[in-house]
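Report on the structure given below.
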Amino acid sequence: MNAETGYNFAYLDEGTKRMIRRAILKAIAIPGYQVPFASREMPMPYGWGTGGVQVTAAILGRSDVLKVIDQGSDDTTNAVSIRAFFARTADVAVTTRTREATVIQTRHRIPEAPLHEAQVLVYQVPIPEPLRFLEPRETETRQLHALAEYGLMHVKLYEDIARHGHIATTYAYPVEVAGRYVMDPSPTPKFDNPKMDDCPALQLFGAGREKRIYAVPPHTRVRSLDFEDHPFRVQTFDRPCALCGADGVYLDEVLLDDAGGRMFVCSDTDHCEERRADGHVGMEAAHA
Amino acid sequence: MLARGFADPVHNAQRVFRAVMDALARPGTIQALATGLAPPAPLTPELAAVALALADADAPLWLDAGLAESPAVAEFLRFHTGARITDDPAEAAFALVSDAAACPTFDAFAQGTPAYPDRSATLVLAVSDLSDREGWHLDGPGIRDSARLAASPLPADMPARLARNHAGFPQGIDLILAAPGRVAALPRSTRVQEG
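Listed in order, the protein sequences are those of chains A and B.
Heads up, the final residue of the first sequence is numbered 308 in this note's numbering, and it's a clean run with no missing numbers.
Heads up, the final residue of the second sequence is numbered 209 in this note's numbering, and it's a clean run with no missing numbers.
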């Protein structure tokens, strides 16, 4: 019991943690398969990371160091409040440094800095079922996964090509895990999909409203679906980060004024800050 | 008198879970497992720790013949976990096996269904030796390039059983091997070949 808050360590009661822990173990044993779990009401609305928070609460221990990002940023409302929630209910150390964290809860980004073996990446997932918008019935999507029947998904990607000339899906881009299950990587930009493949860290996914947990073990093959003549490609940017000058990172557009002024900066704030601390300077750094 | 459970139930259970989670996520690695338990024989501290960390009223336990013979073992597990102890292996979420060499065949346990492969048993086997430097060759999710694992005592046909279990993926059982102070795991996703 945490004397300050009156809550159990990491908020959830032990029975709930055991239930989530059992689901996590099965999720790891069956990579990419969505394990149903008895998601609880959390002291935050659905859509704010109730699934990720429950997974984090179930795995967190006293010696963990927690980092929380929202679209790559450590300092947006969602990230700040979840970090404060665990600092308060679990009294764990928190950080914004990717390298120092042992548990990283994320909403829609994978950090730019390479993850390592001693880390767990926990994704907040809104809609875990990659086939949901193609087939609304859960009974049917279960059957499709059981039969590994993913033709529908290829038709959807093909229709993109027929309509736009290329695969126009840019986020929540479907992946095949360990050669079996097709999985929704959560609404991360497809830019991050290659980071999921052969990742040294354990990746856990929690969907609170939809009551599903799934996992990608470390060093597991994660392949973005594509076609031989339309291979998977990530977004590219035609300029470096305006603040730190980084190339090959995911950029956010920031409006500067009401006259069309804008700049593109790292979406991963920690990556950008560490680069600037190391002396890297972008084009707009002087104005920022 | 009833042997006591975890000295610090919240944090001990968390540490046991993380050891088991890391073992399952990285098959072939051996994780440290400190329990602080002294359960009635033939229940080993490691089997007891996994049961106390993960079993409860929603996750029934099955005990092998050696454990089922001991009323003290059943009393200890019932008191500390609240889990139902079942005679029917197919009902068990966790099967505790103290005599690993006499481990029943896997098909007695729940394998899950094609739509719900997670509704399957986890077998926890007490072994005396574990090594990641010799023995079987492992590959699959969680394994960088390849890994090795040796455990004893186990039935002679264990590699064949594990091969059949893997062939049924995504259905099948998952195996936790618990030696004194250490734990390793073989999820159904791991391909095991004799060394």
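In this text, a Cβ means the ideal position worked out from N, Cα and C, and glycines have one as well.
Since the model is a prediction, treat every value here as computed from it, not as a measurement.
Per DSSP, reduced to three states, the secondary structure at A:Y178 is helical.
The Cβ-Cβ distance between B:P155 and A:T240 falls below 8 Å. Rounded to whole angstroms, A:E230 and A:P148 show a C-alpha spacing of 7 Å. 8 Å or more divides the Cβ of B:G149 from the Cβ of B:A170. The Cβ of B:T49 sits no closer than 8 Å to any Cβ of chain A.
Under the three-state reduction of DSSP, A:K46 is assigned to helix. Secondary structure at A:K231: coil, using DSSP grouped into helix, strand and coil. If you check each beta-carbon in the segment 131-147 of chain B against every beta-carbon of chain A, the ones closer than 9 Å belong to P131, D132, R133, S134 and T136. Within the segment 227-242 of chain A, the residues whose Cβ lies closer than 9 Å to any Cβ of chain B are, in chain order, A235, V236, P237, P238, H239, T240 and R241. Around the beta carbon of A:D94, 16 or more other beta carbons lie within 10 angstroms, which makes this residue buried.
Listed in chain order, the alpha helix (DSSP H) elements of length 4 or more contained wholly in the segment 119-206 of chain A are 158-166 and 171-184. Secondary structure note for B:F31: its alpha helix (DSSP H) is the uninterrupted segment P23 to A39. Taking the Cα positions, B:L66 is about 8 Å away from B:F20. Close to chain B, meaning a Cβ-Cβ distance shorter than 8 Å, are the following residues of the segment 38-66 of chain A: R38, M39, R41, R42, A43, I44, L45, K46, A47, I48, A49, I50, P51, Y53, V55 and P56. Looking only at B:A192, B:D188, B:P194 and B:Q207, the smallest Cα-Cα distance to B:P201 is reached by B:D188. Take the alpha-carbon of A:Y191 and the one of A:C264: they are about 25 Å apart. Taking 9 Å as the Cβ-Cβ cut-off, the segment 150-169 of chain B approaches chain A at G154, P155, G156, I157, R158 and D159, given in chain order. Excluding residues up to 5 positions away in sequence, L139, A140, V141, P167 and L168 lie with their Cβ nearer than 7 Å to the Cβ of B:A114 in the same chain. Taken in chain order, the complete alpha helix (DSSP H) segments of 4 or more residues contained in the segment 81-142 of chain B are 85-95. Annotation: the continuous beta strand (DSSP E) that includes B:S166 extends over A161 to S166. By alpha-carbon distance to A:H128, the top candidate from A:Y143, A:V254, A:G280 and A:K87 is A:Y143.
Against chain A, a Cβ distance below 7 Å from B:D171 picks out nothing, because the smallest value is about 22 Å. Inter-segment contact for the segment 174-193 of chain B and the segment 249-269 of chain A is absent: fewer than three beta-carbon pairs are separated by less than 8 Å. Per the DSSP secondary-structure output, A:G226 pairs in a beta bridge with A:Q144 and A:I233. Within the segment 177-204 of chain B, the runs of beta strand (DSSP E) that reach at least 3 residues and sit entirely inside it are, in chain order, 188-193 and 196-200.
Boundaries of the beta strand (DSSP E) around A:E273: L271 to L275. Collapsing the DSSP output to three states places A:S93 in a strand. Between A:P146 and A:A262 the beta-carbon gap is near 30 Å, outside 8 Å, which marks them as no contact.
Between the segment 175-183 of chain A and the segment 156-167 of chain A, the count of C-beta pairs closer than 8 Å stays below three; the two stretches do not touch.
The C-beta of B:H94 comes no closer than 8 Å to any C-beta of chain A. By the C-beta criterion, the segment 74-91 of chain A is judged to be in contact with the segment 28-47 of chain A, since at least 3 inter-stretch pairs fall below 8 Å. For A:V112, no alpha helix (DSSP H) segment is defined, and its DSSP state is neither H nor E.
The alpha-carbon separation between A:G280 and A:E304 amounts to approximately 15 Å. In this structure, the CA atom of A:D277 is about 22 Å from the CA atom of A:D258. Identification of chain B residues near A:R282 by a Cβ-Cβ cut-off of 7 Å yields none; the smallest Cβ-Cβ distance measures about 42 Å. In the structure shown, A:L32 falls within a coil segment according to DSSP collapsed to helix, strand and coil.
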